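Colleague: To convert, note that position 233 of the sequence shown is 249 in this note's numbering; the numbers rise steadily by one, no gaps.
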Amino acid sequence: MSTPQLQRLHGHCHRLRLYRVEAELTTLLEQAAKRDLGYADFLDELLALEVRAKAEKHLAMRTAMARFPFHKTLESFDFKFQPSIDPKVIRELAAGRYIENAENALLLGPPGVGKTHLAVALGLAACAQGVRTLFTTATGLIATLGKAFGENRLDERLKLLTQPQLLIIDEIGYIPIDRHGANLFFQLVSRRYERGAIILTSNQSLGAWGDVFGDPVIATAVLDRLLHHSITVNIRGESYRLREKLKAGLLKPKLGTAAGAAAEPTP
Ligand code: ADP
Ligand code: MG
Numbered sequence: 017m018s019t020p021q022l023q024r025l026h027g028h029c030h031r032l033r034l035y036r037v038e039a040e041l042t043t044l045l046e047q048a049a050k051r052d053l054g055y056a057d058f059l060d061e062l063l064a065l066e067v068r069a070k071a072e073k074h075l076a077m078r079t080a081m082a083r084f085p086f087h088k089t090l091e092s093f094d095f096k097f098q099p100s101i102d103p104k105v106i107r108e109l110a111a112g113r114y115i116e117n118a119e120n121a122l123l124l125g126p127p128g129v130g131k132t133h134l135a136v137a138l139g140l141a142a143c144a145q146g147v148r149t150l151f152t153t154a155t156g157l158i159a160t161l162g163k164a165f166g167e168n169r170l171d172e173r174l175k176l177l178t179q180p181q182l183l184i185i186d187e188i189g190y191i192p193i194d195r196h197g198a199n200l201f202f203q204l205v206s207r208r209y210e211r212g213a214i215i216l217t218s219n220q221s222l223g224a225w226g227d228v229f230g231d232p233v234i235a236t237a238v239l240d241r242l243l244h245h246s247i248t249v250n251i252r253g254e255s256y257r258l259r260e261k262l263k264a265g266l267l268k269p270k271l272g273t274a275a276g277a278a279a280e281p282t283p
């Protein structure tokens, strides 16, 4: 192939943003000639290469935009260690129908049982399905909303937080939320109600949320919207962080752990 033609092909690829094809053009042409590929087969391979590259790039971008604290998947989650979780319920969540239906998932349980791991894994699964996702902690979220309120930009911020189809709010209950924060949180939950899915993790049982929000009326209003279309996964068990110590017999397992069914879907 003449050099001007090769240069022209590079130019076309660039103009059409076929960057992967552009980068591998010479090799692709050489290989096609060697393998005596037909026109359709050559075009098929070439376009498939670009489609794969673009899909990978989009996934990487979506995953970066989700701002996960770490990347852990369901494959690396040991369900045997936490028998109070029904793997079927988690796999069903991973399939993503709750996101399409703008439903919520609540992961509840004591520290170290894998709530954040599961929330991230479900978030990564959502990203892989092309879902716009955002991960935040409750504290970070309320700080962001409080700042926006102070700058008279609450509405703008609430709109932004309504855009991701899946919002993950980690760690409700570790730090008490003041009345103003609770009010802002309520506004966000109201905006997303029946519009966008939320995954929420908490170390507190739902009954204790009145204390977390410092106001039982707001807590009830928040829960009313969150629970209307939702799946609750109650995790009862030992902290995975302490498992090595448990294994070595340095700690005794708590009584009554790992008992009972895990998921309690609400109507
Ligand atoms: P929580 O959010 O409930 O406090 P994390 O999800 O942060 O707990 O889990 C603590 C650590 O233990 C993380 O590194 C997590 O990946 C790991 N972990 C927890 N449960 C499991 C599990 N069942 N299988 C594999 N790793 C787990
Ligand atoms: Mg956590």
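Yeah, the Cβ is synthetic: ideal placement off N, Cα and C, and Gly gets one too.
Note that the structure is predicted; figures quoted are calculated from it, not measured.
1) Could you tell me the distance, in whole angstroms, from the CA atom of Glu108 to the CA atom of Ile115?
2) What does a CB cutoff of less than 7 Å around His133 pick up in its chain, not counting 5 residues either side in sequence?
3) Can you have a look at Asn168 and say buried or exposed, based on whether 16 or more other CB atoms are within 10 angstroms of its CB?
4) Is Asp94 near the ligand ADP, with its Cβ less than 7 Å from a heavy atom?
5) Hey, Val249 and Val205: beta-carbon distance below 8 Å or not?
6) Do the region 146-158 and the region 123-131 touch if we need at least three Cβ pairs shorter than 8 Å?
7) Let me know if Asp186 comes out buried or exposed under the rule of 16 or more other beta-carbons within 10 Å of its beta-carbon.
8) By the 10 Å Cβ neighbour count, where 16 or more other Cβ atoms means buried, how is Arg211 classified, buried or exposed?
9) Excluding the 5 residues preceding and the 5 following Ala82 in the sequence, name in chain order all residues of the same chain whose CB lies nearer than 7 Å to its CB.
10) Buried or exposed for Glu119, please, with buried defined as at least 16 other CB atoms from any protein chain shown within 10 angstroms of its CB.
11) Whole angstroms are fine: how far does the CA of Glu72 sit from the CA of Val136?
12) Express the C-alpha separation of Phe84 and Ala56 in angstroms, rounding to a whole number.
13) In the structure shown, what three-state DSSP assignment does Glu4 receive?
14) Hey, Gly112 and Val147: beta-carbon distance below 8 Å or not?
15) Per DSSP, what kind of secondary structure is Glu91 in: helix, strand or coil?
16) Measuring only the C-alpha atoms, how far is Leu200 from Ile191?
17) Can you tell me which of Gln145, Pro20, His196 puts its alpha carbon nearest to the alpha carbon of Phe229?
Modeller: Let's see:
1) 11 Å
2) Lys88, Phe93
3) exposed
4) Yes, the Cβ of Asp94 comes within 7 Å of a heavy atom of the ligand ADP.
5) no
6) Touching, no.
7) buried
8) exposed
9) Gly139, Cys143, Thr149, Leu150, Phe151
10) With at least 16 other beta carbons inside 10 angstroms of its own, Glu119 counts as buried.
11) 19 Å
12) 41 Å
13) The displayed coordinates of the chain run from 17 to 283. Any statement about residue 4 would go beyond what the structure contains.
14) Annotated as proximal: Gly112 and Val147, with beta-carbon spacing under 8 Å.
15) helix
16) 16 Å
17) His196
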